[in-house]
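Q: In UniProt numbering, the protein residues as written are 1 to 731.
Submitted below is the structure of interest, expressed as structure tokens.
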């Protein structure tokens with residue numbers, strides 16, 4: 001699936017490295033007749049090491065095992081590079097802050113210790129070979145000779161072998177006179193691998209033999225622990241370094257560096273969620289920003305720079321080549337990074353100021369002070385002619401106006417119910433989330449989670465703490481919303497490149513694709529989604545009359561009709577703003593749908609959710625109707641027997657797309673067509689209990705035939721985490 005973010009990459013590589021070091025050193029400690037004075041006398045049973053003990057264990061391993069697998073050296077190299085990149089970044093402003101300077105000193109000590117352990121295992125030779133291989137690969141790509149590089153070791157391919165097999169035992173233990181005994185015990189140690197990897201063990205190498213090996217003491221001069229301790233229950237990802245407070249801070253700074261690197265690259269919900277599992281209480285955007293800026297962004301303004309080098313067109317862009325090229329050339333310039341732009345500070349400030357202003361009245365109307373700042377936002381503002389300060393203010397005005405419309409629309413159903421029922425629902429106690437009771441009422445397609453979160457902040461009592469609840473992915477999502485507006489106007493603002501301009505797309509319409517999907521104005525007969533639902537209703541009524549069953553298609557129609565209603569009121573338009581007596585009018589003046597028209601991002605994510613829902617419900621309807629299955633089987637029979645000489649393209653496409661749903665084993669029958677149809681129908685699943693759980697509803701698991709959803713459906717069911725989707729399920 002998708003590659004890991006830099007912090008998870010570092011964390012995974014560190015855990016695997018420590019796992020290997022502990023695993024191999026434990027074998028040496030158990031089997032070696034004599035150990036150095038500075039070596040541990042008992043195997044590690046915790047899965048945790050200090051950096052000092054890692055150096056000692058690495059030297060112990062180096063004295064017994066040669067050569068160390070290159071895949072392990074590649075892990076070492078990866079961990080050192082990750083820490084070095086983070087250290088160099090924060091080194092830029094260490095002189096201005098004593099706390100970061102102390103943290104950097106601790107970080108430098110950690111890196112030096114890692115390098116010492118790396119070199120003890122043969123790291124210097126590995127680096128030389130790695131660079132030579134990169135050079136040869138670059139030369140072959142340039143000459144297009146396509147030579148054979150099989151002499152080089154494939155680190156990625158063989159890493160699993162080095163970690164989870166017993167191949168290291170065959171490398172030998174240098175000081176053993178009883179080679180048979182040492183080899184036997186070394187082979188048994190891989191049984192200590194986590195349970196989830198036990199299926200990788202060769203037959204006969206499991207826990208059954210481990211006890212025998214643990215009791216064997218003949219010729220061993222090392223005092224053994226009174227009782228062998230199993231490490232089967234420690235997963236690989238729990239092997240880690242133990243740190244003092246300074247060490248914990250360096251790990252946190254690596255996580256922060258990874259987060260802002262992702263933001264700079266994408267400009268991270270999954271990134272932030274994965275990173276801050278390791279740092280509870282430090283996951284808010286304000287905390288993250290505070291650790292970078294030490295509480296005041298003015299502390300670091302001008303300290304982050306980008307070095308711009310000329311790169312010739314024929315330069316091979318491998319890491320080794322680029323490093324050599326940079327060392328040999330003079331930079332064109334050193335450019336300061338706009339920290340407020342790069343770290344999304346403008347957007348965070350706008351969100352905080354909006355929530356604070358909304359809380360003051362909770363009426364959906366800006367205060368007088370805020371009105372003076374945001375009133376009269378002009379979509380035709382001359383961006384290029386304005387000063388940078390005026391552009392930033394114009395963008396901030398849009399952001400706050402847009403947030404007012406979104407929160408007002410999202411809260412409208414509860415506000416209306418309170419108007420009718422004498423404030424029955426205290427707004428600060430309402431569950432605004434997508435899993436709450438009000439989610440059945442569609443108000444804003446595409447941004448349910450974000451709108452619900454911001455609305456929950458707005459309706460807290462004035463003065464309540466909300467800043468700590470704002471996480472990096474909330475700020476990043478709002479930045480995407482704002483960027484989509486400014487880019488549609490021809491303005492691109494980044495921390496690296498500053499303010500850039502290009503001609504905006506001519507006659508740009510953010511809602512173009514929504515209009516084509518819905519066809520509200522019915523410009524095309526039978527096209528779009530809204531009109532065909534009504535046409536299908538007429539056909540269903542006729543079929544029900546023919547079968548003397550008025551409710552024959554009622555459930556199917558209700559599924560589509562409810563979706564049709566949702567699209568009409570909440571996709572591309574906001575009916576609550578049109579009502580005029582429930583919530584304040586749109587902040588965009590005469591354009592009541594300004595929150596859509598000026599925000600391509602909202603139109604995009606809204607259409608995505610609409611397409612996902614339409615696809616899902618249509619699959620449910622198709623699965624319940626017998627006609628689609630029968631018609632496609634009939635079409636296949638006519639083609640196979642030659643009764644029609646040319647395929648009907650629509651039917652052929654559906655047969656290709658849904659072969660597994662239509663035919664047993666996914667293969668079109670070429671004979672015995674009636675038998676094939678009966679066989680497929682008999683395979684259907686019956687008796688599954690219906691459920692209201694959202695995740696089960698979206699997986700289509702209760703369909704009889706059409707049970708494979710689109711990739712968007714799979715992502716939604718997996719909480720938008722691609723790593724949760726098995727490769728076999730990707731369509």
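For each residue, glycine too, the CB sits at the ideal point set by N, CA and C.
If you drop the 5 nearest sequence neighbours on each side, which residues of the same chain put their C-beta closer than 8 Å to that of residue 734?
A: The question about residue 734 has no answer here: the residues shown for the chain are numbered 1 through 731.
Q: Helix, strand or coil for residue 444 per DSSP?
A: coil
Q: Should residue 512 be labelled buried (16 or more other beta-carbon atoms within 10 Å of its own) or exposed?
A: exposed
Q: If you reduce the DSSP assignment to three classes, tell me which class residue 499 lands in.
A: Residue 499 falls in the strand class under three-state DSSP.
Q: Could you please give the first and the last residue of the uninterrupted alpha helix (DSSP H) stretch that includes residue 569?
A: Note, residue 569: alpha helix (DSSP H), 554-570.
Q: Please list the segments of the beta strand (DSSP E) lying wholly inside the segment 612-699, counting only runs of 3 or more residues, in order along the chain.
A: none
Q: Would you tell me roughly how many angstroms separate the C-alpha atoms of residue 49 and residue 719, rounded to the nearest one?
A: 35 Å
Q: Between 446, 454, 441, which lies nearest to residue 353 when the distance is taken from Cα to Cα?
A: Check the Cα spacing between residue 353 and each of 446, 454, 441: the tightest is with 454.
Q: With residue 669 and residue 408 assumed to form a contact (beta carbons below 8 Å), what rounded beta-carbon distance in angstroms separates them?
A: Contact doesn't hold; Cβ gap of about 57 Å is too wide.
Q: Please determine, among 524, 582, 470, the residue with the shortest C-alpha to C-alpha distance to residue 419.
A: 582
Q: List the endpoints of the continuous alpha helix (DSSP H) containing residue 20.
A: 6-31
Q: Exposed or buried, what is residue 123 when buried is set at 16 or more other beta-carbons lying within 10 Å of its beta-carbon?
A: buried
Q: Per the DSSP calculation, residue 240 is bridged to which residue(s)?
A: For residue 240, which the question treats as bridged, DSSP gives the partners 48.
Q: What separation, rounded to the nearest whole angstrom, lies between the Cα atoms of residue 44 and residue 29?
A: 9 Å
Q: Can you look up residue 494 in the DSSP assignment and give me helix, strand or coil?
A: strand
Q: Contact defined as beta carbons within less than 8 Å: I believe residue 648 pairs with residue 635. What is the distance between those atoms, to the nearest angstrom?
A: Contact between residue 648 and residue 635 holds: CB atoms are separated by about 6 Å, below the 8 Å threshold.
Q: I'd like to know if the segment 349-365 and the segment 455-464 are in contact, where contact means that at least 3 CB-CB pairs between them fall below 8 Å.
A: yes
Q: How many Å lie between residue 595 and residue 351 at the Cα?
A: 16 Å
Q: How is residue 416 classed by DSSP in three states: helix, strand or coil?
A: helix
Q: Between the alpha carbons of residue 363 and residue 401, how many angstroms are there, rounded?
A: So the alpha carbons of these two residues sit roughly 14 Å apart.
Q: Mind checking residue 630: buried by the 16 CB within 10 Å criterion, or exposed?
A: exposed
Q: Counting only the same chain and skipping the five closest in sequence on each side, list residues whose C-beta sits under 7 Å from that of residue 788.
A: In this structure the chain extends from 1 to 731, so residue 788 is not present and cannot be described.
Q: Using only alpha-carbon positions, find the residue among 438, 461, 463 that is nearest to residue 451.
A: 438
Q: Name the DSSP bridge partner or partners of residue 336?
A: Residue 336 is bridged to 305.
Q: Taking the alpha-carbon positions, what's the residue 115 to residue 80 distance?
A: For residue 115 and residue 80, the distance between alpha carbons rounds to 7 Å.
Q: Nearest by alpha-carbon distance to residue 532: which of 550, 506, 563 is it?
A: 563
Q: So, under 8 Å CB-CB, residue 607 and residue 514 are touching, yes? Tell me the CB distance rounded to an integer number of Å.
A: 5 Å
Q: Using a Cβ-Cβ cutoff of less than 6 Å, which residues in the same chain neighbour residue 344 once the five nearest sequence positions on both sides are dropped?
A: 475, 479
Q: Would you kindly work out how many angstroms separate the C-alpha atoms of residue 565 and residue 522, rounded to a whole number?
A: Taking the CA atoms as reference points, residue 565 sits about 16 Å from residue 522.
Q: Helix, strand or coil: which one does DSSP assign to residue 341?
A: helix
Q: Considering only their Cβ atoms, is the gap separating residue 336 from residue 305 smaller than 8 Å?
A: It is a contact, given that the beta carbons lie within the stated cut-off.
Q: With burial defined as no fewer than 16 other Cβ atoms inside 10 Å of the residue's Cβ, what is the status of residue 390: buried or exposed?
A: exposed
Q: Could you please give the first and the last residue of the uninterrupted alpha helix (DSSP H) stretch that includes residue 476?
A: 472-488
Q: I'd like the ranges of any alpha helix (DSSP H) spanning at least 4 consecutive residues and lying wholly in the segment 340-427.
A: 345-361, 368-374, 388-420
Q: Taking the alpha-carbon of residue 382 as reference, which of 373, 52, 392, 375 has the nearest alpha-carbon?
A: Of 373, 52, 392, 375, the residue nearest in Cα terms is 392.
Q: Would a C-beta distance cut-off of 8 Å place residue 510 and residue 597 closer than the cut-off?
A: yes
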